[in-house]
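Read through the structure below, which is laid out as structure tokens, and then see the notes.
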Amino acid sequence: MFWKALKSLIQGLSVVTGYLSAAAIAAASLIITEAVFVRKVLDISTIWQTEMSVFLLIFATFVGSAYVQKNDHHLNVDFLLVYLPPKVRESFLLFGSVFTMLLSGIIGWYAYPMWWETVAQNWHSESLWGPPLWIPYAFIPFGMTLLVLQYLVQIVDKLAKFKAGEFDEEIVRAELKDIDLEAAKSE
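Residue numbers for the sequence shown follow the working numbering, beginning at 113 and rising by one.
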């Protein structure tokens with residue numbers, strides 16, 4: 113019961129941060145467009161636009177990674193995996209998930225002190241705008257922590273399927289996952 117609740121919480125948080133990341137990308141696009149208009153058309157200097165759009169893209173990259181992983185849309189190199197027997201393939205995928213979870217955890221582990229240093233020393237950007245740097249620095253440890261939790265959910269699910277002997281006979285190629293091949297053939 114506890115695991116189901118924790119799993120729902122992690123996946124729900126991944127979805128929320130995914131939508132927030134999409135909004136951050138859209139906002140960064142609008143801000144960059146506004147900056148170009150203000151500089152080129154109105155001939156007014158910009159102060160905050162470039163830095164804000166970079167912060168938003170950092171947010172989308174790190175915090176949005178758990179949503180991407182939840183939907184299994186991270187870049188996969190499956191050139192050889194598609195030809196392996198199902199049990200061997202699932203073993204490789206499980207190993208890759210564990211390795212990536214550990215790597216993300218290490219990045220997050222080292223990012224927390226870096227973030228805390230910006231808080232403790234009250235670092236600000238050296239631009240005219242001068243926002244506090246703890247905000248963008250927080251995106252890395254938060255995003256990596258959420259990514260680790262999302263991997264944990266998926267690894268536990270994979271282990272349960274592995275123990276039950278449930279293997280997909282064919283791997284769904286990552287680039288074809290969201291494409292209806294039958295509909296594409298008929299067009």
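In this text, a Cβ means the ideal position worked out from N, Cα and C, and glycines have one as well.
Straight through space, the alpha carbons of F274 and S120 are spaced by roughly 21 Å. Listed in chain order, the non-local C-beta contacts of P253 below 6 Å within the same chain comprise G220, A223, Y224, W227, local neighbours out to five positions each way being set aside.
Partner residues in the beta bridge of P244, as assigned by DSSP, are H236. In this structure, the straight-line span from the alpha carbon of T158 to that of R151 is close to 7 Å. DSSP places S120 in the helix class (H, G or I) of the three-state scheme. Nearest to V148 by C-alpha distance, out of T162, A139, P248, is T162.
Judged by their CB atoms, I156 and M213 are not nearer to each other than the 8 Å cut-off. Ranking L206, W115, A178 by CA distance to the CA of S216 puts A178 first. The count of Cβ pairs closer than 8 Å, one atom from the region 166-183 and one from the region 124-141, reaches three, so the stretches are in contact. Within the region 168-237, the runs of alpha helix (DSSP H) that reach at least 4 residues and sit entirely inside it are, in chain order, 177-182, 198-232.
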